[in-house]
Structures are given as structure tokens and as C-alpha cells.
Amino acid sequence: MYSSQPHNVKLTGSPIADNGRPKSEAIPYRGTPLPNVPEDLVVPGVMQLEDYDERFWVPQSEVISFRPLLFSVSQGFFVNILRVRKTPGSSGILSRHRHTGPVHATTLKGKWHHLEHPWWATEGSYAFEPPGDIHTLEVPDDVDECIIMFHVTGAYIYVDPDGKAEGVEDVFSKLETARAHYEKVGLGASYVDQFIR
Numbered sequence: 790m791y792s793s794q795p796h797n798v799k800l801t802g803s804p805i806a807d808n809g810r811p812k813s814e815a816i817p818y819r820g821t822p823l824p825n826v827p828e829d830l831v832v833p834g835v836m837q838l839e840d841y842d843e844r845f846w847v848p849q850s851e852v853i854s855f856r857p858l859l860f861s862v863s864q865g866f867f868v869n870i871l872r873v874r875k876t877p878g879s880s881g882i883l884s885r886h887r888h889t890g891p892v893h894a895t896t897l898k899g900k901w902h903h904l905e906h907p908w909w910a911t912e913g914s915y916a917f918e919p920p921g922d923i924h925t926l927e928v929p930d931d932v933d934e935c936i937i938m939f940h941v942t943g944a945y946i947y948v949d950p951d952g953k954a955e956g957v958e959d960v961f962s963k964l965e966t967a968r969a970h971y972e973k974v975g976l977g978a979s980y981v982d983q984f985i986r
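Counting from 1 along the sequence shown, just add 789 to a position and that's the residue number in my numbering.
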């Protein structure tokens, strides 16, 4: 099927597609889609940590904001990028909380840890936080900005040092916070709908 031309030039009718796979593998699915499957979601530019529209970030406090990537209301989880930008005199303690489900964290910038554990999550690291774990998240004094991608199933139950519940945060409360923010900054309340599955 190949000519005497250089080996990387393919003739029409080659069994190899342009991407190098056999053409028989490059056929999209032709069957009936399964019922009730939500659409895929692709959020571009999530790794652009320095050049972005500030309106995408939803403030949670003076130093904490998040950028939603997915609100799975049917599965009870959310994925977001959490950003901590400390100001002079601000504490590095973000919150003390208990998890009702598993949490996956990837550190994109800076470093952080839990006061109750010996490990540190540094840039490029992955951390798993099991359901039932109670901990206090801290960004150390020598880190001005920390950015973490979190996949959170279930809820955070905010607690005092003795474990008494003080508040709850889950996919629904995060969604409503984002909806109100996007309305306030002019993107419109419906801007958040693209992240809901």
C-alpha cells in the first residue's frame, strides 16, 4: 500500500488514519445513546493560574475564592479550584472540618497541610482525605498564594476544636454561592448552569 516515497507518506486508501491508528479503530460509536446520560463537560483554561478573568472566581472569604469546574447535583459532589491569597495580617488557617465523603486534592501552586497530620502537600502533589477525617487546613506563613484542585464528595461539616458542628457546605451551597456571585459580577445567574451535571 505504500509507494517508494519516504516511509511517512501514506497513499490514499491506506489502512492507517492520519493519527496513526488503524482506520478500523477510528470509527465513532454509531449506536443509540444510552438514556439520561448528561452531556460531557470541558472547561478550558483551568491551568491558566496567572491570566484569567477574575469574575470566574467566587469569593468565600477575604482570602479564599474558588473557581467551579463541576457541580454534580445528581451524584452529590463538586470539583473546584480553591485559591488562597493571603493579605498582611491574615491567618493561614482556612477551616476546621469533617468530611462525609472522600476528597481528592491536587496542589497546583504553593503548599498546605493539616495541623493534625505530619504530611505537607506541595506543588504537583496529590492528597486523599478519607470520609470521617477531621482536620484543620493551613497554608503556612511563607506562602502568599496557594491553589488546589479539589474533588469533594458529600459535605464539609465545619466544627469547633472539640468537634461541635458549626456549619455545613456541600454541592448545593457551593452552587448557590456561585450563582449569586455570577449574577453580582454581571455574568448572570445562569452562567453557573454550564457546570451542573
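We put the CB at the ideal spot given by N, CA and C, even for glycine.
For R885, the enclosing beta strand (DSSP E) starts and ends at I882 to H888. The C-beta of E927 has 16 or more other C-beta atoms within 10 Å across all chains shown, which makes the residue buried. Scanning the segment 843-909 from its first residue to its last, no whole alpha helix (DSSP H) run of 4-plus residues comes out.
Taken through DSSP and simplified to helix, strand or coil, L964 comes out as helix. Residue pairing by DSSP puts M938 in a beta bridge opposite I870 and T895. Taking a 10 Å sphere around the C-beta of E918, we find 16 or more other C-beta atoms and assign the residue as buried.
With 16 or more other CB atoms across the displayed protein chains lying within 10 angstroms of its CB, W846 is buried.
Excluding residues up to 5 positions away in sequence, A910, T911, E912, G913, S914 and I937 lie with their Cβ nearer than 7 Å to the Cβ of T896 in the same chain.
Under the three-state reduction of DSSP, A954 is assigned to strand.
In this model, C935 and P827 are separated by some 32 Å (Cα to Cα).
The count of Cβ pairs closer than 8 Å, one atom from the segment 964-971 and one from the segment 846-862, reaches three, so the stretches are in contact.
Judged by pairs of C-beta atoms under 8 Å, the segment 948-961 touches the segment 861-870, as three or more such pairs exist.
Beta bridge pairing from DSSP links L926 with S884 and H903.
At the C-beta level, V831 and I853 stay beyond 7 Å of one another.
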